[in-house]
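Residue numbers (the working numbering): 3 to 149. All residues carry an ideal CB built from backbone N, CA and C; glycine is no exception. Working notes, beginning with the structure itself.
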Amino acid sequence: MPDSGPYATGERMIWLLPWGQENHVRRTPWVVYALITINVGVYAWMATSLPDDPMPFLSTYGLMTDDWRWYQFITSAFLHADLWHLLGNMLFLWLFGESVEDALGWVPFLLLYIVGGLLGDMLYVHNNTGFLYPSIGASGCVSAVAG
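Here it is, written out as structure tokens:
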């Protein structure tokens, strides 16, 4: 065991992603590809079109806990804080989504994705009253798929 570095205290890094496994899907996961395309497209649009202070936009389309609107439960799932946030969510969607969409079919998969996002958003609103920053990202949707 090394005397310094992240493993000095006995910590171990465990990689639990299905990286490098053979993934034999029967159908092309078009919904996964469409969701990735939409998320990347929205992020690209945001990165090139928003002013230096994106908070007015994010407060309108991100999910605010105390002053939420029905459409924010949908729009917030397609907004991401930065490139790493987007890449992390899209990586997990790609890794898990192909197999899940293949196993469930595209309609149940899309319902799982949407309901997972809605449940995550409702939990966020319930547990974070008074929070001044909006919830953004597809983490609830992707967590439902990965689960």
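Based on DSSP bridge pairs, tell me the residues matched to residue i.
i    : result
L114 : Paired residue(s): none; L114 is not in a bridge.
S137 : L65
Please look up how many angstroms separate the CB atoms of residue i and residue j, rounded, as I've assumed it's under 8 Å.
i    : j    : result
T77  : T131 : Rounded, the Cβ-Cβ distance is 21 Å, inconsistent with contact.
G118 : G90  : With a Cβ gap of about 16 Å, G118 and G90 do not count as contacting.
V27  : S137 : V27 to S137, Cβ: 31 Å. No contact.
M92  : V42  : 7 Å
V33  : W108 : 5 Å
Y45  : L88  : 5 Å
F75  : L120 : 6 Å
Confirm, please, whether the CB-CB distance from residue j to residue i is below 8 Å.
i    : j    : result
L37  : G64  : no
A146 : Y126 : no
A140 : A83  : no
P31  : E103 : yes
F111 : A148 : no
Task: Ordered list of beta strand (DSSP E) runs contained in the region 36 to 86, each at least 3 residues - done: Correct list: empty.
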